[in-house]
Ligand code: CP
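Residue numbers (this note's numbering): 34 to 394.
So, in structure tokens, the structure goes:
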């Protein structure tokens, strides 16, 4: 058991009582992410470092020599992608990021193909992965399950890092990292993310991407967040409480067309009715929360339009060709950010710095 793993120093009973902010330090090693479980565990310097590494990896990956250098960095590692909820982007971008770094990926995407079908507990299934792999990347429908597994593995003789690739309705921290990187690149030439007005639109109550990104935006002074949704799908009180505690500005409203011309970034989301046993959200009038070609004329010339995807009809396909629509760039950034994150976890960032220095000198 690693002595410097803080999760070995607290019982599960006591750990559960902590707030997300109090839990954050338990997921770190020497100020670097070890487990990646929540947005609250990140500091501004950590975000800056991950964004810096991402840019360097992107540029190194443009040359054949650079590709070979990257593929050797973590070629001794194996990763298990345990995705028991549907995913296109998060699964494939992690898979591709593993390939970029030479990590050998394996996958379980359906519990009916694992011994869970014979009655094995999900905890034992994931513990089994730690016998064969050096990293677990996990998407799971149960909120908090990833934290439970991180604590459990930390208290075995095979503690390995756990990455939350989307948990329940609560957290999607690696999506928030790629969203921050995309926003930072978009605002690079006009003042960065600080003091920008950023609107979230759609199903905010059940949108884990929104909850994680809204949390990271608290690290950027002066950001004003707008939450634009029908009342029954509005953002949770815990996120509003965190914004108020940080002393930052926000607006909760349902007037989409009033907000469009005011903001620097719009983050559209789909109605997440897979969570909706009674299908009440299908009855919600969500047509008012769709970005159509007519809204392009209302949007500021240097504003940007994001979406974590998948989309349904909340952004018209004809909007895609507008240069302010950056969701396809956002998708690609996910691969580079996740590569940077895995290098950070395994403490190999300095090698990226050295290679990059040689490349640009
Ligand atoms: N943004 C996102 O999480 O997409 P997937 O569900 O396709 O992974």
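For every residue, glycine included, the Cβ atom is placed at its ideal position computed from N, Cα and C.
Host beta strand (DSSP E) of residue 197 (start-end): The sequence position of residue 197 within the chain shown is 164, counting from 1. From DSSP, the beta strand (DSSP E) with residue 197 extends over 195-200.
At the level of alpha carbons, what is the spacing between residue 358 and residue 212? Your numbering for residue 358 matches position 325 in the chain shown. Your numbering for residue 212 matches position 179 in the chain shown. Straight-line Cα distance between these residues: approximately 13 Å.
The ligand CP and residue 208: does any heavy atom of the ligand fall closer than 7 Å to the residue's C-beta? Residue mapping note: residue 208 aligns to position 175 of the chain shown, counting from 1. Indeed, a heavy atom of the ligand CP lies less than 7 Å from the Cβ.
DSSP state of residue 34, grouped into three classes? As a working mapping, residue 34 is identified with position 1 in the chain shown. Model confidence at residue 34 stands at a pLDDT of 39, short of 50, so the residue's coordinates are unreliable; what they give is reported in the following sentence. Coil at residue 34, not helix or strand.
Among 198, 264 and 224, which one has its Cα closest to the Cα of residue 241? Taking the first residue of the chain shown as 1, we reach residue 241 at position 208. Minimum Cα distance to residue 241 is reached at 198.
For residue 342, which residues of its own chain have a beta-carbon under 7 Å away from its beta-carbon, when the five flanking residues on both sides are left out? The sequence position of residue 342 within the chain shown is 309, counting from 1. Contacts found: 122, 360 and 364.
Coarse secondary structure for residue 258, derived from DSSP in three states: Position 225 of the chain shown, counted from the start, is the residue given in the question as residue 258. Of the three classes helix, strand and coil, the one that applies to residue 258 here is strand, per DSSP.
Spatial distance of residue 156 from residue 178 (CA atoms): What you label residue 156 is simply residue 123 of the chain shown in a count that begins at 1. What you label residue 178 is simply residue 145 of the chain shown in a count that begins at 1. Each residue's Cα considered, the two are about 9 Å apart.
C-alpha distance - residue 257 paired with residue 163, whole-angstrom precision: Looking up residue 257 in the chain shown gives position 224. Looking up residue 163 in the chain shown gives position 130. Distance between the alpha carbons of residue 257 and residue 163 is about 42 Å.
Where does residue 165 land, buried or exposed, given buried means 16+ other C-beta within 10 angstroms? What you label residue 165 is simply residue 132 of the chain shown in a count that begins at 1. Answer is exposed; the Cβ neighbour count stays below 16.
Reference residue 228; option with closest CA among 234, 220 and 235: For the purposes of this step, residue 228 is taken as residue 195 along the chain shown, with counting starting at 1. Here the closest residue by C-alpha is 220.
Environment of residue 54 [buried if 16+ CB atoms lie within 10 Å]: What you label residue 54 is simply residue 21 of the chain shown in a count that begins at 1. That one is exposed.
Complete runs of the beta strand (DSSP E) confined to the segment 209-273 [at least 3 residues]: Qualifying beta strand (DSSP E) stretches, in chain order: 230-234 and 257-261.
Please state if the CB of residue 287 and the CB of residue 261 are separated by a distance shorter than 8 Å. Counting from one through the chain shown, the residue named residue 261 turns up at place 228. Counting from one through the chain shown, the residue named residue 287 turns up at place 254. Residue 287 is positioned such that its CB atom lies closer than 8 Å to that of residue 261.
Segments of 4+ residues assigned as alpha helix (DSSP H) that fall wholly inside the segment 151-203: The qualifying runs are 155-165 and 178-187.
Can you find the residues in the same chain that come closer than 7 Å, C-beta to C-beta, to residue 369, ignoring five residues on each side of it along the sequence? In the chain shown, the residue the question calls residue 369 occupies position 336. Once the five neighbours on either side are set aside, the close Cβ partners of residue 369 are 87, 90 and 91.
Euclidean distance between Cα positions of residue 143 and residue 367: Locating residue 143 in the chain shown gives position 110, counting from the first residue. Locating residue 367 in the chain shown gives position 334, counting from the first residue. For residue 143 and residue 367, the distance between alpha carbons rounds to 23 Å.
Can you tell me the Cα-Cα spacing of residue 371 and residue 326, whole angstroms? By 1-based counting over the chain shown, the position of residue 371 is 338. By 1-based counting over the chain shown, the position of residue 326 is 293. Approximately 32 Å between the Cα atoms of the pair.
Could you tell me which of 195, 250, 184 and 194 sits nearest to residue 216, measuring between CA atoms? Residue 216 sits at position 183 when you count from the first residue of the chain shown. The shortest C-alpha separation from residue 216 is found at 250.
The alpha helix (DSSP H) that contains residue 289, what's its start and end? Taking the first residue of the chain shown as 1, we reach residue 289 at position 256. Per DSSP, residue 289 belongs to the alpha helix (DSSP H) from 289-292.
Who sits around the ligand CP, taking every residue whose Cβ is closer than 7 Å to one of its heavy atoms? 119, 120, 121, 122, 123, 124, 199, 205, 208, 242, 341, 342 and 343
For residue 114, which of helix, strand or coil comes out of DSSP? Indexing the chain shown from 1 puts residue 114 at position 81. The answer is strand: DSSP assigns residue 114 an E or B state.
DSSP-derived helix/strand/coil call for residue 330: Taking the chain shown and counting its residues from 1, the one referred to as residue 330 is at position 297. Reduced to three states, the DSSP call for residue 330 is coil.
Please state if the CB of residue 82 and the CB of residue 302 are separated by a distance shorter than 8 Å. Position 269 of the chain shown, counting from 1, holds the residue named residue 302. Position 49 of the chain shown, counting from 1, holds the residue named residue 82. No, the Cβ-Cβ distance between residue 302 and residue 82 is not below 8 Å.
Report the rounded CA-to-CA distance for residue 193 versus residue 96, giving the unit in angstroms. As a first step, residue 193 is located in the chain shown; it is residue number 160 there, counting from the start. As a first step, residue 96 is located in the chain shown; it is residue number 63 there, counting from the start. Taking the straight line from one Cα to the other gives about 32 Å.
Write down every uninterrupted run of the beta strand (DSSP E) in the segment 74-139 whose length is 3 residues or greater and which is fully enclosed by it, in chain order. Whole beta strand (DSSP E) segments, 3+ residues: 111-116.
Same chain only: Cβ atoms within 6 Å of residue 209, ignoring 5 sequence neighbours per side: If you number the chain shown from 1, residue 209 lands on position 176. Hits under 6 Å: 72, 245, 246 and 249.
Straight-line CA distance for residue 289 to residue 233? In the chain shown, counting from the first residue as 1, residue 289 sits at position 256. In the chain shown, counting from the first residue as 1, residue 233 sits at position 200. Going from the Cα of residue 289 to the Cα of residue 233 covers about 10 Å.
Less than 6 Å between C-beta atoms, sequence neighbours within five positions excluded: which residues of the same chain meet that for residue 253? As a position in the chain shown, residue 253 is number 220, starting the count at 1. Hits under 6 Å: 226 and 227.
Tell me which same chain residues have a C-beta within less than 6 Å of the C-beta of residue 139, skipping the five on either side of it? One-based indexing of the chain shown puts residue 139 at position 106. Within the same chain, and ignoring the five residues on either side of residue 139 in sequence, the residues whose Cβ sits closer than 6 Å to its Cβ are 113.
Which residues in the same chain as residue 391 place their Cβ atom closer than 6 Å to its Cβ, once the five residues preceding and following it in sequence are excluded? Counting from one through the chain shown, the residue named residue 391 turns up at place 358. So no residue of the chain qualifies.
Which of helix, strand or coil does DSSP assign to residue 387? Here the question's residue 387 lines up with position 354 in the chain shown. Helix, per DSSP.
Reference residue 337, options 239, 346, 324 and 344, closest by Cα: For this step, residue 337 is matched to residue 304 along the chain shown. Among 239, 346, 324 and 344, the Cα nearest to that of residue 337 is on 324.
Would you kindly report the start and end of the unbroken alpha helix (DSSP H) that includes residue 373? As a position in the chain shown, residue 373 is number 340, starting the count at 1. Note, residue 373: alpha helix (DSSP H), 360-378.
Which of helix, strand or coil does DSSP assign to residue 72? Counting from 1 along the chain shown, the entry for residue 72 is found at position 39. It is helical.
How should residue 109 be labelled, buried or exposed, when 16 other C-beta atoms within 10 angstroms of its C-beta is the threshold for buried? Locating residue 109 in the chain shown gives position 76, counting from the first residue. Exposed, by the Cβ-count rule.
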